[in-house]
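**Q** Residue numbers are given in full-length UniProt numbering: position 8 of the sequence shown equals residue 8, and the series is strictly consecutive.
Sending over a structure as structure tokens; questions will come in a sec.
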Amino acid sequence: MQEAYDFKAVQDKWLPLWDKLAPFKSGKDDDKRPKKYVLDMFPYPSGDLHMGHAEAYALGDVIARYWIQKGFNVMHPIGWDAFGLPAENAAIKRDADPRQWTYENIDVQKASMRRYACSFDWDRVLHTCDPEYYKWNQWLFLKMFEKGLAYRKDSAVNWCPDCQTVLANEQVVAGLCERCDSAVTKKKLNQWYLKITDYADRLLDDMEQLEGAWPEKVLLMQRNWIGRSTGAQVDFAIDGSDKKITVYTTRPDTLYGATFMVVAADSTLAADLVANTPVEAEFKKYLETVKSASDIDRLATDRIKSGVFLNRYAINPVNNEKIPIWASDYVLADYGTGAIMAVPAHDQRDLDFAKAMKLPIRVVIDTGLEDPNTSGIATDGDGLVINSGSITGLKKDDAINKIISELAEKKLGKATKNYRLRDWLISRQRFWGTPIPIIHCDKCGLVPVPQDQLPVKLPDAKGLDLKPKGSSPLGAASDWVNVKCPKCGSAAKRDADTMDTFVDSSWYFLRYTSVNNHELAFDKKSVETWLPVDQYVGGVTHAILHLLYSRFFTKVLNDLGLLNFNEPFTRLLNQGMVLMDGSAMSKSRGNLVKLSDELDKHGVDAIRVSLVFAGPPEDDIDWSDVSPAGSLKFLNRAWKISQEVDSKPGVDFSKGDLTLRKVVAKAVSDIEIAVESFRFNVVIARVMELVNATRKAIDSGCGAGDPAVRQASEAIAICLSLVAPYTAEDMWEKLGHKPAIANAGWPVVDKSLLGADNVIAILQINGKIKDRIEVSPNISKDELERLGMENAQIKAALAGSTIQKVITVAPKLVNFVI
């Protein structure tokens, strides 16, 4: 009699054995096998794993297990991004130490990961809140300090009144704090910055290395965030003063149309211009209203324009015209120079401001459209230059070149580049983070903590008031903060701020190579063996912050001679979200699905199969449309086949039923292509087809003793091990093999049985699938590209768009970037 499939018994049987066998321990640096480094974005330990974790780790697991089966030396590590506000806030609520809350949650998540059968190397584990880890955060900070990349300055910073801490620009989403959704305001503080702007060009230009290997929308988001533009710096003299105002403009060809100037109301420049003048009081009153608005609100096109005339005039350098200087909130202090030349005829916000303040509007570009004076719509397109002295009658590019040349001759301007990217603000006024390794001495200034005194450990939280109050709780730890200056021995103080937790995650992928080495942040030889990461898996929510910062750190370390590569992640896979009834899961919506409940009800393998089979990994999954019960039935069918095979291991597969052998060869070949092109749902579909074909062969054809049935059953087990490891391991044992199936090796099939069957090529636009077509496996790159262009779905989707480039990987993929 056949046994009944009991997923609980199967899980209980194999998990402890895997712990003993450690099948995913990566080889040493001198292992002769080719390497693969597969990395999942590490989790924050806030409670147990959730459905989003379940999807992400299932996807990364498919890739890691596949490469192991293909004979690679695979490193697949795991750790915890363990510093940050959630732990600190939880500790405040419980009147506890954040350490306790953090490490307890890590233990819970680690147990769940083991149960979930993730293929992690448990000898390569890190927690960013361990002093052994954050010691190297401090070491890297000091390296940047020595290089001039870490510095302090006074500036208006993003301030979250709820979290009582500053935020980097990237951590403000639609004017709200990304952590607590509170409205972000501006506050002037002296803070630590990392000079990421020094790397703006390289961060942009090096993205060419990532084309076709990273999702196009991620590359686009990074390009937009860096925001490089070319234009000119132009000097406007201030009437009655020997000072000047420098503005940056991408359209110097419109200089003759500048009829007023606007400076950011919260800039030092505006305050200097009104100091000790009759309008100073009016200006200060206006400035208070500006401080309460976020940058997003200030830049909104539909925002009512407001401002204060500063009773000062600037001199337009091209025509010597005196133009009034205003202060307004629609110009930002930290963009460009904090001042603009306003050309209302050809910029909508300038036009709206001009109409509100009754300022002149002068057309200097003939676009053929209605005059903005009457239409109220700025004409911001290209055309012939008019009313503009020596550049009248020229086209845009010629006019720009000529006017820049004239300004340069007079030493009133020059060609330049500008960026949206700002330096990375890393100071945080909270306890649970990496202490900044700087000592403040009245005599010596900023003094780095000597390397032999690292790590600067966090003090015991007991007795400290961790509640947010605008200054770091560390400042109240008198025994910790009061020290002697390492240079002169005088009384001094430690820097009481901690680092942004994105510092922790900007280099953790390097630490995994040397996680047990306490003498170095990472061993150079180990890094050169394993890095860059071959496959990175994680959410698109990190498209700007984490990925941009990691790329920045990598380039800095490359410049320091510590790395021999300049991009950290060779390939990137972003997974979608797991929804319920069309919405993100949350307790407040009443649609929260607990992963632990689903695992108890259906088993680990059924949940993993369901998540992988639900669709392409980049698409969102609605759990209400998924059937884990159906996945469990499929696993039961596959598992039963392994019990029926009536031949011994090692039989000659070439003597088996030809029809079934062809099905096996086709399935294995298709699964290889599917894994390497991230079509993991196709993997499940092909295994299902192979299960059905094998069942049919047993029941109505060759019988359970045919060598082809064994070949098919072993292929099912090995391919299924990528997604359903418990079921696959149990099948492997029933087929007469020793564990672990993870190291069984990829099925070997007779390629001659594949014939000239076509393969499926995926047609994409900006990384989104639009269609699939059958093509010859030997199709040329040019022919595949031509078929893509002629495809009806692609034609329709491309209508009215401009193709920037075409990425073709024959015979698998054509991606049109528009």
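The beta-carbon is built from N, C-alpha and C at its ideal position, and this holds for glycine as well.
1. What are the complete beta strand (DSSP E) segments, minimum 3 residues, inside the segment 392-475?
2. Quick one: is S526 buried, meaning 16 or more other Cβ sit within 10 Å of its Cβ, or exposed?
3. Out of S390, V263, L299, point me to the one whose CA is closest to Y339's CA.
4. Cα separation between L446 and F24?
5. Pull the bridge partners of L573 from the DSSP assignment, please.
6. Whose C-beta lies closer than 6 Å to the C-beta of L722 among residues of the same chain, with five residues either side of it excluded?
7. Under 8 Å, do I741 and A717 count as touching if we go by C-beta distance?
8. Which residues mark the beginning and the end of the beta strand (DSSP E) in which I773 is found?
9. Have a look at A111 and D121 and give me their C-alpha separation to the nearest angstrom.
10. Helix, strand or coil: how does DSSP classify M1 here?
11. At 3 residues or longer, what runs of the beta strand (DSSP E) sit wholly inside the segment 252-295?
12. Just the C-alpha distance for L167 and I426, rounded to the nearest angstrom, thanks.
13. At what residue ranges does the segment 334-360 contain a whole run of the alpha helix (DSSP H), taking only runs of 4 or more?
14. Please report the straight-line C-alpha distance between E729 and I684, rounded to a whole angstrom.
15. Check the Cβ-Cβ distances between G630 and every residue of chain B, and say whether any is below 8 Å.
16. Around the Cβ of G381, are there at least 16 other Cβ atoms within 10 angstroms (buried) or fewer (exposed)?
17. Quick one: complete alpha helix (DSSP H) runs, 4+ long, within the segment 650-713?
18. Quick check for students: name the residue ranges of the alpha helix (DSSP H) that lie wholly in the segment 164-209, counting only runs of 4 or more.
19. What's the call for K322, buried or exposed, on a 16-neighbour Cβ count within 10 Å?
20. Where does G381 sit, in a helix, a strand or coil, going by DSSP?
21. So, are the CB atoms of L560 and K135 less than 8 Å apart?
22. For G489, which residues in the same chain have their Cβ closer than 7 Å to its Cβ, ignoring the five residues on either side in sequence?
23. What would DSSP say about P324, mapped onto helix, strand or coil?
24. Skipping 5 residues on each side, what residues in its chain have a beta carbon closer than 6 Å to that of N316?
25. Please list the terminal residues of the continuous alpha helix (DSSP H) segment that includes R786.
26. Please state whether DSSP places L332 in a helix, a strand or coil.
27. At a cut of 8 Å, does the segment 427-434 reach the segment 497-508 through at least three beta carbon pairs?
28. Considering Cα atoms alone, identify which of K487, L220, A333, L720 is closest to T246.
29. Please report the distance separating the alpha-carbon of I803 from that of Q429.
30. In its own chain, which residues sit with a C-beta less than 6 Å from the C-beta of D670, not counting the 5 before and 5 after it?
31. Use the C-beta contact count for E216: other C-beta atoms within 10 angstroms, 16 or more gives buried, fewer gives exposed.
32. So, using beta-carbon positions, are R511 and Y133 closer together than 8 Å?
33. Answer yes or no: the CB of M731 versus the heavy atoms of the ligand MN, is any distance below 7 Å?
34. Can you tell me where the alpha helix (DSSP H) with G231 in it begins and where it stops?
35. DSSP three-state call for M580: helix, strand or coil?
36. Once the 5 residues before and after M1 are set aside, which same chain residues still bring their CB inside 7 Å of it?
**A** By the coordinates alone:
1. Here the runs fully enclosed are 413-418, 438-441, 445-448.
2. The residue you call residue 526 lines up with position 526 of the sequence shown. So S526 counts as buried.
3. Translated into the one-based positions of the sequence shown, residue 339 becomes position 339. The residue asked about is misnamed: residue 339 is Ala in this sequence, not Tyr. When each option's Cα is compared against that of A339, the closest is V263.
4. Reading the sequence shown from its first residue, position 446 is the one you call residue 446. Reading the sequence shown from its first residue, position 24 is the one you call residue 24. Roughly 46 Å separates the two Cα atoms.
5. Stepping through the sequence shown from its first residue, residue 573 is reached at position 573. According to DSSP, which records beta bridges pairwise, L573 is partnered with V537.
6. On the sequence shown, position 722 is the one that residue 722 refers to. If we look at L722 and ignore the five residues flanking it on each side, its Cβ neighbours are V62, R65, Y66.
7. Numbered from 1 along the sequence shown, position 741 holds the residue referred to as residue 741. Numbered from 1 along the sequence shown, position 717 holds the residue referred to as residue 717. Cβ distance < 8 Å, so I741 and A717 count as in contact.
8. The residue labelled residue 773 in the question sits at position 773 within the sequence shown. It spans 768-775 - the beta strand (DSSP E) in which I773 sits, taken as one unbroken run.
9. Indexing the sequence shown from 1 puts residue 111 at position 111. Indexing the sequence shown from 1 puts residue 121 at position 121. Rounded to whole angstroms, A111 to D121 spans 14 Å at the Cα level.
10. Here the question's residue 1 lines up with position 1 in the sequence shown. Note that M1 scores a pLDDT of 46, beneath 50, so its modelled location is shaky and nothing firm can be said.
11. 260-264
12. Reading the sequence shown from its first residue, position 167 is the one you call residue 167. Reading the sequence shown from its first residue, position 426 is the one you call residue 426. In a straight line, the C-alpha of L167 is about 8 Å away from that of I426.
13. Positions of the alpha helix (DSSP H) runs, each at least 4 residues long and wholly inside the segment 334-360, are given as 348-357 in order along the chain.
14. Working through the sequence shown from its first residue, we reach residue 729 at position 729. Working through the sequence shown from its first residue, we reach residue 684 at position 684. Approximately 17 Å between the Cα atoms of the pair.
15. Protein chains in the displayed structure number just one, and chain B is not present.
16. In the sequence shown, residue 381 corresponds to position 381, counting from 1. Exposed, by the Cβ-count rule.
17. 658-676, 680-700
18. 200-205
19. Along the sequence shown, read from residue 1 onward, the residue named residue 322 stands at position 322. By the 10 Å Cβ count, K322 comes out exposed.
20. In the sequence shown, counting from the first residue as 1, residue 381 sits at position 381. DSSP places G381 in coil when its eight states are reduced to three.
21. Translated into the one-based positions of the sequence shown, residue 560 becomes position 560. Translated into the one-based positions of the sequence shown, residue 135 becomes position 135. Not in contact: L560 and K135 (Cβ atoms no closer than 8 Å).
22. Translated into positions along the sequence shown, residue 489 becomes position 489. Result list for G489: empty, nothing under 7 Å.
23. By one-based count along the sequence shown, residue 324 stands at place 324. Three-state DSSP puts P324 in a strand.
24. Numbered from 1 along the sequence shown, position 316 holds the residue referred to as residue 316. Correct list, in chain order: A258, I323.
25. Looking up residue 786 in the sequence shown gives position 786. Looking at the DSSP string, the run of the alpha helix (DSSP H) that includes R786 is 781-790.
26. Position 332 of the sequence shown, counted from the start, is the residue given in the question as residue 332. DSSP places L332 in coil when its eight states are reduced to three.
27. yes
28. What you label residue 246 is simply residue 246 of the sequence shown in a count that begins at 1. The shortest C-alpha separation from T246 is found at A333.
29. As a first step, residue 803 is located in the sequence shown; it is residue number 803 there, counting from the start. As a first step, residue 429 is located in the sequence shown; it is residue number 429 there, counting from the start. C-alpha separation (whole angstroms): 47 Å.
30. The sequence position of residue 670 within the sequence shown is 670, counting from 1. For D670, where only same-chain residues beyond five positions count, the Cβ hits under 6 Å are R686.
31. Locating residue 216 in the sequence shown gives position 216, where the first residue counts as 1. Under this definition E216 is a buried residue.
32. On the sequence shown, residue 511 is found 511 positions in, with the first residue counted as 1. On the sequence shown, residue 133 is found 133 positions in, with the first residue counted as 1. Result yes, Cβ atoms of R511 and Y133 sit closer than 8 Å.
33. The ligand MN is not among the ligands present in this structure, which contains no ligands whatsoever.
34. Counting from 1 along the sequence shown, the entry for residue 231 is found at position 231. From DSSP, G231 is part of no alpha helix (DSSP H) but of the beta strand (DSSP E) over 229-238.
35. As a working mapping, residue 580 is identified with position 580 in the sequence shown. Three-state DSSP puts M580 in a strand.
36. The residue labelled residue 1 in the question sits at position 1 within the sequence shown. Note that M1 scores 46 on pLDDT, short of 50, meaning its location in the model is unreliable; the coordinates nonetheless yield the value given after this. Counting only Cβ-Cβ distances below 7 Å, and skipping sequence neighbours, we find nothing.
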